[in-house]
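Some notes on the structure that comes next.
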Amino acid sequence: MTAYEPPGEPGAGPGPLQGTDPAAHDAVVLAGGAARRLGGADKPGVRVGGRALLDRVLAACDGARTTVVVAAPRPTARPVTWAREDPPGGGPLAALDAGLRHTTAEHVVVLSADLPFLEERTVGRLLSTLRGSAADGVLLTDPDGRDQPLVAAYRTRRLRETLALLTDRHGSPHGLPLRRLTAELNLTRISDPVASFDCDTWDDIASARARIREHGHVLDEWISAVKDELGIDLDVDVKELLDLARDAAHGVARPAAPLTTFLVGYAAARAGGGPEAVAEAARKAVALAARWADESTPKAPGDRPDVAPDATPDTRPDAG
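Position 230, counted from 1, in the sequence shown is what the numbering used here calls 240; the numbers after and before it change by one each time, with no gaps.
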């Protein structure tokens with residue numbers, strides 16, 4: 011969806027909604043930079059682990075009540091509200107001003123669109139730290155201790171007040187650096203060297219792509235990419251499905267592994283989807299694979315053949 015806010019007071023939004031959950035939060039993602047160090051490439055659309063950088067960030071802030079992306083509209087993995095500073099290219103404070111106009115929650119997560127390793131749990135940590143403090147905002151620091159004000163959670167009211175103050179001083183937020191904003195705020199900092207990693211250069215992109223293919227990350231990254239591509243939101247028990255694939259491969263034949271997991275997914279979808287449906291379908295398939303494998307195991311002399319629970323050993327086909 012696309013929405014634009016007419017000019018008005020700096021950062022002014024529609025105001026808090028009556029009776030809303032005080033734990034609710036909004037998100038503003040700044041995705042309209044020039045990416046000069048990438049040669050002007052479309053940085054939010056650069057893929058890391060098969061997913062656009064912007065989509066990776068949107069997955070991390072999926073818990074937001076409203077997510078505003080400040081940039082020209084483009085296809086995304088989930089619906090968002092679009093905003094744009096006027097004129098475009100006015101810098102991060104002008105973009106933040108435009109995005110805040112669409113927010114109503116007490117707290118807002120402010121993110122750049124080039125964070126390949128940001129996860130939902132990090133966003134939750136920022137918000138919980140903010141709610142448990144008297145600070146105006148909580149931001150991440152990088153491995154060198156530098157502030158990352160675009161990986162942060164803020165009190166929305168304080169952002170609006172500070173943007174109004176800076177506009178009074180300078181006439182407009184356009185062209186102002188972020189440090190003008192953060193210098194006016196009482197901030198708390200937490201360290202996360204992985205989540206704070208951003209992609210400013212092609213070397214950064216290469217490093218991010220290499221890390222994702224490391225053994226400890228590749229399966230989770232692949233599953234996340236597939237879910238985004240297929241438009242599904244489902245918690246996957248990776249170990250359970252891998253155990254099923256192993257049992258099918260060993261007990262039946264190697265090609266049975268991918269075919270069985272496909273059929274489990276199809277059966278779960280027919281049963282209404284959800285983790286419980288997947289678990290039940292996987293349980294049945296695991297039991298079947300075990301029975302299949304047991305039939306191929308040589309029996310000792312005198313062992314009685316396996317029979318179905320509702321059959322007797324002397325059952326014979328009806329000869330008619």
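For each residue, glycine too, the CB sits at the ideal point set by N, CA and C.
Item	Value
Where does Pro-319 land, buried or exposed, given buried means 16+ other C-beta within 10 angstroms?	Because the pLDDT of Pro-319 is 46, which lies under 50, any placement of that residue in the model is unreliable, and the number read from its coordinates should be weighed accordingly. That one is exposed.
Given 8 Å as the limit, is there contact between the segment 78–85 and the segment 101–114, that is, 3 or more CB pairs closer than that?	yes
Compute the distance between the beta-carbons of Val-274 and Leu-298, then report whether it is under 8 Å.	no
Which same chain residues, not among the five before or five after Thr-270, have their C-beta less than 6 Å away from its C-beta?	Ala-258, Ala-295
Report yes if the C-beta distance between Asp-152 and Pro-203 is below 8 Å; otherwise report no.	yes
Take the Cβ of Asp-92 as the centre, count every other Cβ of all protein chains shown within 10 Å, and call the residue buried at 16 or more, exposed below.	Reading off the sequence, residue 92 comes out as Trp, not Asp. The residue is buried, with at least 16 neighbouring Cβ atoms inside 10 Å.
Which residues does DSSP pair with Val-119 in a beta bridge?	Ala-37, Ala-163
Buried or exposed for Arg-66, going by 16 or more other Cβ atoms inside 10 Å?	buried
Going by DSSP, name the residue or residues bridged to Val-288.	BP columns for Val-288 are empty, so no partner.
Do the segment 139–152 and the segment 164–171 meet, that is, are 3 or more Cβ pairs less than 8 Å apart?	yes
Would you identify the three-state DSSP class for Leu-103, choosing helix, strand or coil?	helix
Exposed or buried, which one is Glu-224 when buried takes at least 16 other CB atoms within 10 Å?	exposed
Is Asp-247 near the ligand SAH, going by C-beta to nearest heavy atom under 7 Å?	Ligands displayed in this structure: none; no statement on the ligand SAH is therefore possible.
In the DSSP assignment, the alpha helix (DSSP H) including Gly-134 goes from what residue to what residue?	130–141
Could you compute how far the alpha carbon of Thr-113 sits from the alpha carbon of Gly-261?	55 Å
Extract the residue ranges of the alpha helix (DSSP H) inside the segment 183–233, only unbroken runs of 4 or more that lie entirely within it.	188–192, 212–222
Which residues does DSSP pair with Val-80 in a beta bridge?	Leu-40, Ala-93
Buried or exposed: Lys-53, going by 16 or more other Cβ atoms within 10 Å of its Cβ?	buried
Applying the criterion that 16 or more other CB atoms from any shown protein chain within 10 Å of the CB defines a buried residue, is Ala-292 buried or exposed?	buried
What do you get for His-180, buried or exposed, if any count of 16 or more other CB atoms within 10 angstroms of its CB means buried?	exposed
Only counting the same chain, and skipping five residues up and downstream in sequence, which positions put a Cβ closer than 6 Å to that of Ala-124?	Looking at the sequence shown, residue 124 is not Ala but Asp. Once the five neighbours on either side are set aside, the close Cβ partners of Asp-124 are Lys-53, Leu-63, Asp-208, Cys-209.
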